[in-house]
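The block underneath contains the structure these notes are about, expressed in structure tokens.
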Amino acid sequence: MNKEIFNMKKIIFISLFLIGLSELWAITGQEIMDRSVDIQNTQSAAMDIQMDLIDKRGSVSTRRLQILSMQDTAGQNRTIVVFMSPPNIKDTRFLTIENNDRNDDQWIYLPSMRKIKRIASSDQNSSFMGTDFTYGDMSDTQTDKDRHTLLREEVFQGRLCYVVESIPLDLDSASRSKLISWVDKEWFVPLKVDFYDKRSEELSRTAISENINLVNEIWTPFKVTMTTHSSGHKTILTTLQVKYNIAMNPGFFTTNFLSTGRVQ
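Sequence positions in the sequence shown follow my numbering and run 2 to 265.
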């Protein structure tokens, strides 16, 4: 009898020890979001995108654009977006230069006005070119600006995901009160992101990533849908072509190219 009790205590001790180890080794919300960004990080990228704007009645407005990005010598990202069609917005160009110690620098060139406009920090929550994306969405994700908490694990779109809550460390300068992301456990790609309004703290927008394929060892969503819940309006980005880690001319990522469309 005493031997049976001893064995039972031994089993309980080992079980508790293993549970403790599993908690010790458990991944954190910060680690999940860091890995999600790192795993999709590239030296350069070129994308051809179709953008469909769909109102609540189902009317569709289609745009075509190209997105180029590269890391500079300091490891900071630079991105240029060029609208190719329709004619009324053709040659509109948008430049983002990442900054680690402050908000990213952003400029937009409007051909109808033949001028460059600098995007102010106060405009980060404004709509980007009438879409459901904001200027803040167009900046690169910097995970150290939020506090990330792993809430649970959950299945979404048939995939097991980490569900992570991200709250800005500086709420005054942030464009939203929090994000909740469903990050695929295998791919570390966010399959769904809920955006919560800064003022009301209510769910305002949702981004869904689909058609995820492996391109040059990088899991890439070929369809991203952003929906604004208050209006029912949504924007769908469909990737038509993508290339990673290719030779890229730094001249694309300058205010000179922004205004002229030419690389010196």
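A virtual CB, placed ideally from N, CA and C, is assigned to each residue, including glycine.
Only a predicted model underlies this, so the values are computations on that prediction, with no experimental measurement involved.
Item, Value
"Leaving aside the five residues before and after TRP183 along the sequence, list all residues of the same chain whose C-beta is less than 6 angstroms from its C-beta, in chain order.", "PHE157, CYS162, VAL164, LEU192, LYS193"
"If you reduce the DSSP assignment to three classes, tell me which class THR255 lands in.", "coil"
"Using a 10 Å radius around the Cβ and a threshold of 16 neighbouring Cβ atoms, would you call GLY252 buried or exposed?", "exposed"
"Can you say whether PRO87 is buried or exposed, counting buried as having 16 or more other CB atoms within 10 angstroms of its CB?", "exposed"
"Would you check if the distance between the CB atom of TYR245 and the CB atom of ILE219 is smaller than 8 angstroms?", "yes"
"Return the first residue and the last residue of the beta strand (DSSP E) that ILE81 is part of.", "78 to 86"
"Which of the three DSSP states is assigned to LYS146 in this structure?", "helix"
"Starting from SER37 and walking both ways along the beta strand (DSSP E), at which residues does that stretch end?", "No beta strand (DSSP E) contains SER37, which is instead part of the alpha helix (DSSP H) from 30 to 39."
"Under the assumption that THR256 contacts ILE117 (Cβ atoms under 8 angstroms), give the Cβ distance between them as a whole number of angstroms.", "6 angstroms"
"Per DSSP, LYS193 is paired with what?", "TRP183, ILE209"
"Taking only the alpha-carbon atoms, compute the straight-line gap between PHE223 and PHE196 and give it to the nearest angstrom.", "21 angstroms"
"Could you compute how far the alpha carbon of SER113 sits from the alpha carbon of ILE90?", "8 angstroms"
"In terms of alpha-carbon separation, which member of HIS234, ALA121, ILE50, THR239 lies closest to ASP105?", "ALA121"
"By Cβ distance, which residues of its chain are closer than 6 angstroms to ASN250, with the 5 residues on each side in sequence left out?", "VAL264"
"Taking the beta strand (DSSP E) that GLN107 belongs to, which residues open and close that run?", "106 to 111"
"With DSSP as the reference, identify every bridge partner of MET139, one or two as the case may be.", "Its beta-bridge partners do not exist; DSSP assigns none."
"What are the boundary residues of the beta strand (DSSP E) that GLN67 is part of?", "61 to 72"
"Count Cβ pairs between the segment 27 to 36 and the segment 202 to 213 that sit closer than 8 angstroms; are there 3 or more?", "no"
"Express the C-alpha separation of ARG177 and ARG64 in angstroms, rounding to a whole number.", "27 angstroms"
"Residues bridged to PHE95 by DSSP?", "VAL82, ILE109"
"With DSSP collapsed to three states, give me the class of THR132.", "coil"
"Mind checking which residues open and close the beta strand (DSSP E) that includes LEU241?", "235 to 245"
"What does the alpha-carbon distance come out to for the pair ASP73 and ASP102?", "16 angstroms"
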